[in-house]
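Data block below; observations after.
In this note's numbering, the protein residues as written are 19 to 133.
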C-alpha cells in the first residue's frame with residue numbers, strides 16, 4: 019500500500035489553518051491550501067476534549083481511509099487538514115457519513131476531478 023504524505027510540523031498545520039479555505043460539514047471540517055509540491059499532504063486533527071485516545075485514534079483511522087478512497091480523484095499540489103467537527107456526537111461516527119462529507123467538501127473546494 020502506498021504511504022500517504024502527511025503534515026508533521028506544528029507550523030505546517032498553522033499555515034494551512036490560518037491561510038487556507040475551509041469547508042464545514044456535519045462530521046468533518048476540511049481546510050485546503052495550495053502548496054508548491056507535486057503531491058498532496060494531509061493532516062488529521064481530533065481534539066482531545068472530544069473523547070478518549072482510543073476513540074480519537076479510531077476516528078483518525080476512519081478519516082484517513084476515507085481520504086484514501088478519493089486520493090486518486092483529487093487534484094495534486096494541495097495541503098489538506100481534516101478536522102473532526104466537535105459539535106458532532108461521537109456515537110454518530112460512521113465511515114459512510116465521513117465519506118459523503120468528504121466528497122461534498124472536496125467538490126466545494128474544487129479539488130475533486132470528476133471522471
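Glycine included, each C-beta is placed from N, C-alpha and C at the ideal position. Since the model is a prediction, treat every value here as computed from it, not as a measurement.
Note that the C-beta distance between residue 41 and residue 126 is below 8 Å.
Here the segment 70 to 77 does not lie against the segment 49 to 60, with fewer than 3 beta-carbon pairs under 8 Å apart.
Between residue 85 and residue 51, the CB-CB gap reaches or exceeds 8 Å.
Every beta strand (DSSP E) of 3 residues or more that sits fully in the segment 38 to 79 is shown, in chain order, as 39 to 42, 46 to 52 and 59 to 63.
Separation of residue 128 and residue 80 (C-alpha to C-alpha, rounded to the nearest whole angstrom) is 23 Å.
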